[in-house]
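Taking it in order: structure first as structure tokens, then the write-up.
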Amino acid sequence: MIPFWIILLKIVVVLGVLMTAAALVTFLERRISAFIQNRIGPNRVGPQGLFQIMADLVKLVMKEDIVPTAANKTVHDIAPMISISIALCTFAVIPFGNTIELFGYQVKLIIADVNIGILFILAMTSMGVYGVSLAGWSSNNKYSLLGGLRSSAQLISYELAMGLSIIGVLMVAESLRLDQIVMHQTRYLVGWLPAWNLFVQPLGFVIFFVAAFAETNRLPFDLPEAEPELVGGYHTEYSGMKFGLFMFAEYANMITSSALITTLFLGGWHIPFSENWGVSPLVMSLLQVLAFCVKVSIVVFFFIMVRWTIPRFRYDQLMNLGWKVLLPLSIANVLGTGLAILLISS
Amino acid sequence: MASSKKIIRKKDFSLLQRMYLPEIFRGLMTTFLQMFKPKITHQYPEVRFHPPASFRGRPVLVEEQGVERCVACGLCSRVCPALAIEVQASETDLEKERYPVKFEINMVRCIFCGFCEEVCPEEAIVMSNEYELAFSSQEEAIFGKDKLLIPAEKLKERLEFLKQNR
Numbered sequence: 039m040i041p042f043w044i045i046l047l048k049i050v051v052v053l054g055v056l057m058t059a060a061a062l063v064t065f066l067e068r069r070i071s072a073f074i075q076n077r078i079g080p081n082r083v084g085p086q087g088l089f090q091i092m093a094d095l096v097k098l099v100m101k102e103d104i105v106p107t108a109a110n111k112t113v114h115d116i117a118p119m120i121s122i123s124i125a126l127c128t129f130a131v132i133p134f135g136n137t138i139e140l141f142g143y144q145v146k147l148i149i150a151d152v153n154i155g156i157l158f159i160l161a162m163t164s165m166g167v168y169g170v171s172l173a174g175w176s177s178n179n180k181y182s183l184l185g186g187l188r189s190s191a192q193l194i195s196y197e198l199a200m201g202l203s204i205i206g207v208l209m210v211a212e213s214l215r216l217d218q219i220v221m222h223q224t225r226y227l228v229g230w231l232p233a234w235n236l237f238v239q240p241l242g243f244v245i246f247f248v249a250a251f252a253e254t255n256r257l258p259f260d261l262p263e264a265e266p267e268l269v270g271g272y273h274t275e276y277s278g279m280k281f282g283l284f285m286f287a288e289y290a291n292m293i294t295s296s297a298l299i300t301t302l303f304l305g306g307w308h309i310p311f312s313e314n315w316g317v318s319p320l321v322m323s324l325l326q327v328l329a330f331c332v333k334v335s336i337v338v339f340f341f342i343m344v345r346w347t348i349p350r351f352r353y354d355q356l357m358n359l360g361w362k363v364l365l366p367l368s369i370a371n372v373l374g375t376g377l378a379i380l381l382i383s384s
Numbered sequence: 002m003a004s005s006k007k008i009i010r011k012k013d014f015s016l017l018q019r020m021y022l023p024e025i026f027r028g029l030m031t032t033f034l035q036m037f038k039p040k041i042t043h044q045y046p047e048v049r050f051h052p053p054a055s056f057r058g059r060p061v062l063v064e065e066q067g068v069e070r071c072v073a074c075g076l077c078s079r080v081c082p083a084l085a086i087e088v089q090a091s092e093t094d095l096e097k098e099r100y101p102v103k104f105e106i107n108m109v110r111c112i113f114c115g116f117c118e119e120v121c122p123e124e125a126i127v128m129s130n131e132y133e134l135a136f137s138s139q140e141e142a143i144f145g146k147d148k149l150l151i152p153a154e155k156l157k158e159r160l161e162f163l164k165q166n167r
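Read top to bottom, the protein sequences are chains L and B.
Residue numbers for the first sequence follow my numbering, beginning at 39 and rising by one.
Residue numbers for the second sequence follow my numbering, beginning at 2 and rising by one.
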């Protein structure tokens with residue numbers, strides 16, 4: 039039995055890394071967007087502008103916290119808390135490495151090794167919409183309300199396709215445990231191709247990726263905060279650190295989604311062909327954690343690139359894509375996977 | 002006016018274009034390649050923008066051999082649409098006979114139209130290439146002769162430009 043303090047240590051480390059990474063991504067987003075637009079971006083505070091994060095944080099904390107008189111004050115306060123806590127909780131079930139030997143214990147590099155990992159993530163991300171909807175409703179502002187409503191409508195049209203696209207992965211891996219899904223991807227398909235679900239389930243990968251953008255309210259589908267139409271969307275009436283929490287939750291969500299995509303489709307912590315490198319297990323485990331981080335950063339980079347490339351979808355286009363394209367495709371993917379499994383096993 | 006561009010409707014799209022993804026990747030390629038292009042940003046306080054000769058910065062008085070060219074005719078003050086220029090003339094023993102005792106430009110009022118430069122018969126007031134004009138009080142913004150007089154060598158570019166384009 040693993041002692042309590044090791045679990046606590048894992049929580050502290052993962053939470054610390056996740057929060058630092060989320061803050062770092064806000065900075066990276068600004069730098070990369072600047073580079074895409076032939077600008078330089080923030081580069082004044084610290085080396086290469088790296089301390090801009092701290093400057094932003096100080097600014098947000100020092101700012102006055104304004105609550106509209108007509109707002110429902112309690113809900114207005116609670117909404118950002120819901121957003122941030124759910125964004126941080128979701129990471130608990132994501133395996134970021136294989137087992138590692140630490141202080142004489144075999145420690146699994148996952149905070150909560152629950153047997154319904156994927157369902158937990160889907161449930162938590164669905165809860166995340168409450169933060170946005172409540173923020174929109176409690177602000178007592180038409181723009182905020184529209185933003186909140188849009189986020190729930192968007193969630194309904196995407197969660198279905200998202201859930202169905204995962205079913206293909208589950209059928210292949212025959213488990214809901216995320217570490218089992220990763221384990222299943224450590225095999226090889228035809229000798230040189232690792233059995234990552236990216237190659238086994240390409241359609242499911244595309245659908246999940248698109249749905250992940252909608253899930254995190256990122257640009258092609260950031261209708262809840264569509265600036266030209268809704269001022270600031272659901273966070274129009276938020277200021278100071280409460281706004282900061284929403285911002286932070288968005289980036290934490292982005293990292294969690296990237297980690298989930300990595301786990302489900304990109305082989306998690308698996309490094310292809312590392313079995314015959316012959317390094318010691320401890321080094322191997324650390325390398326695997328590093329590999330996981332690299333994969334996640336690549337996906338995050340892709341998220342940022344997409345944001346600064348593609349214009350926003352119109353509301354009806356989004357619904358069309360969700361209901362008429364992604365949903366049928368994901369159902370077809372489930373049927374196709376089932377058929378393929380049946381044919382291969384018989 | 003009919004545009005010569007062909008209007009592209011959705012029904013004209015090929016199957017690949019309808020599938021979104023190939024086109025999205027084309028767009029991503031474009032943005033990705035943009036990242037490696039040279040940056041157009043000036044690192045301002047360290048790297049300053051050097052304006053071309055046609056730039057209309059703050060108006061200055063041309064100074065030759067320690068004396069201003071200005072003969073205090075007052076045309077600039079008359080033509081100034083924002084009433085920013087104040088000239089007080091006086092007599093001098095020099096060849097030009099008249100000179101401004103007081104020449105003040107209120108930089109808060111100045112709109113950088115360049116009329117003063119255009120109307121000046123002596124090419125004595127020209128628009129320089131200075132653009133860093135920030136003040137912390139109204140009084141500070143009134144430039145007297147001490148700040149306005151600039152040696153002609155420093156204004157060569159602009160004077161040359163005026164010769165060619167007037």
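All C-beta atoms, glycine included, are put in the ideal place defined by N, C-alpha and C.
So, helix, strand or coil for residue i, using DSSP?
{"i": "Glu-123 (chain B)", "result": "coil"}
{"i": "Lys-103 (chain B)", "result": "strand"}
{"i": "Leu-147 (chain L)", "result": "coil"}
{"i": "Met-20 (chain B)", "result": "coil"}
{"i": "Pro-133 (chain L)", "result": "coil"}
{"i": "Leu-62 (chain L)", "result": "helix"}
{"i": "Tyr-272 (chain L)", "result": "helix"}
{"i": "Pro-266 (chain L)", "result": "helix"}
{"i": "Ala-108 (chain L)", "result": "coil"}
{"i": "Pro-396 (chain L)", "result": "Only positions 39 to 384 of chain L appear in the structure, and residue 396 (chain L) is not among them; the question remains open."}
{"i": "Pro-240 (chain L)", "result": "helix"}
Just how far apart, CA to CA, sit residue i and residue j?
{"i": "Met-2 (chain B)", "j": "Leu-236 (chain L)", "result": "Model confidence at Met-2 (chain B) stands at a pLDDT of 49, short of 50, so the residue's coordinates are unreliable; what they give is reported in the following sentence. Spanning the two alpha carbons is a distance of roughly 51 Å."}
{"i": "Glu-158 (chain B)", "j": "Val-80 (chain B)", "result": "24 Å"}
{"i": "Asp-115 (chain L)", "j": "His-273 (chain L)", "result": "12 Å"}
{"i": "Met-343 (chain L)", "j": "Phe-42 (chain L)", "result": "41 Å"}
{"i": "Leu-172 (chain L)", "j": "Lys-146 (chain L)", "result": "37 Å"}
{"i": "Asp-151 (chain L)", "j": "Val-131 (chain L)", "result": "6 Å"}
{"i": "Ile-74 (chain L)", "j": "Ser-318 (chain L)", "result": "42 Å"}
{"i": "Leu-16 (chain B)", "j": "Val-363 (chain L)", "result": "14 Å"}
{"i": "Ala-90 (chain B)", "j": "Glu-64 (chain B)", "result": "17 Å"}
{"i": "Tyr-276 (chain L)", "j": "Phe-158 (chain L)", "result": "29 Å"}
{"i": "Ala-93 (chain L)", "j": "Glu-313 (chain L)", "result": "44 Å"}
{"i": "Val-327 (chain L)", "j": "Ala-297 (chain L)", "result": "12 Å"}
{"i": "Arg-225 (chain L)", "j": "Phe-340 (chain L)", "result": "26 Å"}
{"i": "Asn-358 (chain L)", "j": "Leu-227 (chain L)", "result": "36 Å"}
{"i": "Ile-379 (chain L)", "j": "Val-210 (chain L)", "result": "8 Å"}
{"i": "Ile-112 (chain B)", "j": "Trp-346 (chain L)", "result": "38 Å"}
Could you tell me whether the Cβ of residue i comes closer than 9 Å to any Cβ of chain L?
{"i": "Thr-93 (chain B)", "result": "no"}
{"i": "Gln-66 (chain B)", "result": "no"}
{"i": "Met-2 (chain B)", "result": "Bear in mind that the predicted position of Met-2 (chain B) carries a pLDDT of just 49, short of 50, making it unreliable; the figure below should be weighed with that in mind. Not one chain L Cβ lies under 9 Å of Met-2 (chain B)."}
{"i": "Lys-11 (chain B)", "result": "no"}
{"i": "Leu-16 (chain B)", "result": "no"}
{"i": "Ile-41 (chain B)", "result": "yes"}
{"i": "Phe-136 (chain B)", "result": "no"}
{"i": "Gln-139 (chain B)", "result": "no"}
{"i": "Gln-44 (chain B)", "result": "yes"}
{"i": "Leu-22 (chain B)", "result": "yes"}
Please tell me whether residue i has its Cβ less than 9 Å away from any Cβ of chain B.
{"i": "Phe-73 (chain L)", "result": "yes"}
{"i": "Thr-254 (chain L)", "result": "no"}
{"i": "Trp-234 (chain L)", "result": "no"}
{"i": "Val-83 (chain L)", "result": "no"}
{"i": "Ile-245 (chain L)", "result": "no"}
{"i": "Ile-205 (chain L)", "result": "no"}
{"i": "Ile-70 (chain L)", "result": "yes"}
Residues of chain L with CB under 7 Å from residue i, in chain order?
{"i": "Gln-35 (chain B)", "result": "Ile-74 and Asn-76"}
Anything in chain B within Cβ reach of residue i, meaning under 7 Å, just list it in chain order.
{"i": "Ile-159 (chain L)", "result": "Neighbours of Ile-159 (chain L) on chain B: none; closest Cβ ~25 Å, over 7 Å."}
So with CB distances below 9 Å, who are the chain B contacts of residue i?
{"i": "Ile-348 (chain L)", "result": "Ile-25, Gly-28 and Leu-29"}
Should residue i be counted as a contact of the ligand GDP given a C-beta to heavy atom distance under 8 Å?
{"i": "Asp-103 (chain L)", "result": "In the structure on display, the ligand GDP does not appear, and there are no ligands present to speak of."}
Can you name the residues of chain A whose CB is closer than 8 Å to the CB of residue i?
{"i": "Val-344 (chain L)", "result": "Here the protein chains are L and B, and chain A is not one of them."}
Check the Cβ of residue i against every Cβ in chain L and list those closer than 8 Å, keeping chain order.
{"i": "Lys-38 (chain B)", "result": "Asn-76"}
- Can you list, in chain order, the stretches of the beta strand (DSSP E) that have 3 or more residues and sit fully within the segment 27-109 of chain B? Along the segment 27-109 of chain B, the beta strand (DSSP E) occurs as fully enclosed runs of 3 or more residues at 60-65, 86-92 and 99-107, listed in sequence order.
- List in chain order: all unbroken alpha helix (DSSP H) runs of 4+ residues lying wholly within the segment 274-342 of chain L. Counting only unbroken stretches of 4 or more residues, the alpha helix (DSSP H) elements lying wholly within the segment 274-342 of chain L are 278-303, in sequence order.
- Can you list, in chain order, the stretches of the alpha helix (DSSP H) that have 4 or more residues and sit fully within the segment 351-378 of chain L? As for any alpha helix (DSSP H) of minimum length 4 sitting wholly inside the segment 351-378 of chain L, the runs are 353-358, ordered along the chain.
- Task: Quick one: which unbroken beta strand (DSSP E) runs of 3-plus residues sit fully inside the segment 133-219 of chain L? Chain order, please.
- Result: Listed in chain order, the beta strand (DSSP E) runs fully inside the segment 133-219 of chain L are 138-140 and 143-145, counting runs of at least 3 residues.
- Message: Could you tell me which whole beta strand (DSSP E) segments of length 3 or greater appear in the segment 66-99 of chain L?
- Response: Inside the segment 66-99 of chain L, DSSP marks no whole beta strand (DSSP E) run of 3 or more residues.
- Query: If you scan the segment 134-160 of chain B from start to end, which runs of the alpha helix (DSSP H) of 4 or more residues do you find wholly inside it?
  - Reply: For the segment 134-160 of chain B, whole alpha helix (DSSP H) runs of length 4 or above, ordered along the chain, are 146-149.
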